[in-house]
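Be aware that the sequence shown starts at 64, since it is given in the working numbering, and climbs by one per residue.
The block underneath contains the structure these notes are about, expressed in structure tokens.
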Amino acid sequence: MSEGTTPHSSPTKPSYLLRHWRGKLPLNEAFWRNTLLLNLALFVVLGEVTSRLQHADVVFVLPYIVTMAVLLPSLTIWQIVGVWQSAQSYKQQRRSVETAPLFARLSEGIHWAYMAQILCVLWTGTLIEFVLQFTGQPSQFMPFALFRELVRWLFM
Numbered sequence: 064m065s066e067g068t069t070p071h072s073s074p075t076k077p078s079y080l081l082r083h084w085r086g087k088l089p090l091n092e093a094f095w096r097n098t099l100l101l102n103l104a105l106f107v108v109l110g111e112v113t114s115r116l117q118h119a120d121v122v123f124v125l126p127y128i129v130t131m132a133v134l135l136p137s138l139t140i141w142q143i144v145g146v147w148q149s150a151q152s153y154k155q156q157r158r159s160v161e162t163a164p165l166f167a168r169l170s171e172g173i174h175w176a177y178m179a180q181i182l183c184v185l186w187t188g189t190l191i192e193f194v195l196q197f198t199g200q201p202s203q204f205m206p207f208a209l210f211r212e213l214v215r216w217l218f219m
């Protein structure tokens, strides 16, 4: 029997979170909805919550910090893996195009998959840098500083 089925039931569709993780969503949805739009909404909400907690008692601030220390890296890993896997699926669907001339490959849009994967690599560096800064370790990932500054300029 296939995954998610029993003798008396129809096949169930994996959850949205699992489909993203496995790269089963279209690349544009994985990238635009699950990363950029979700991060933009998260930055707005976190900015508002953070501004309200600036003068709050430590009893309220500490759980927020702990939650963010777990939630943000976990969310980022889920996003990176999902976009990477979606980009791989996107390239596999267009595998015959890879042997075509450059113009045919560009018109097929395969470059979007490579661009998404390059962003995933840079994004992984910023995640590592975030974790190192949070744990008080000196950051050795200066090549990602330009990317970090670009993100700050765009979203803050």
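Positions of the beta carbon are idealized from the N, C-alpha and C atoms, including for glycine.
From a predicted model like this one, the values you see are computed outputs, not experimental measurements.
As a quick exercise: from SER78, LEU80, LYS76, GLY86, pick the residue whose alpha carbon is nearest that of GLN155.
Your numbering for residue 155 matches position 92 in the sequence shown. Here the closest residue by C-alpha is GLY86.
Going by other Cβ atoms of all chains shown within 10 Å of its Cβ, with 16 needed for buried, is VAL129 buried or exposed?
Counting from one through the sequence shown, the residue named residue 129 turns up at place 66. By the neighbour-count rule (16 or more Cβ atoms within 10 Å), VAL129 is not buried but exposed.
On the criterion of 16 or more Cβ atoms from any shown chain inside 10 Å, does LEU88 qualify as buried, or is it exposed?
Here residue 88 is taken as the residue at index 25 of the sequence shown, counted from 1. With 16 or more Cβ atoms within 10 Å of its Cβ, LEU88 is classed as buried.
Sequence-distant residues of its chain with Cβ nearer than 8 Å to LEU190 (five each side left out)
Stepping through the sequence shown from its first residue, residue 190 is reached at position 127. Only PRO136, THR139, ILE140, ILE143 meet the Cβ criterion.
So is TRP147 in contact with chain D if we call contact Cβ pairs under 8 Å?
No chain D is part of this structure, which consists of one protein chain only.
Are LEU90 and ALA132 closer than 8 Å when you measure CB to CB?
Within the sequence shown, numbered from 1, the residue matching residue 90 stands at position 27. Within the sequence shown, numbered from 1, the residue matching residue 132 stands at position 69. Taking 8 Å as the Cβ cut-off, LEU90 and ALA132 do not qualify as a contacting pair.
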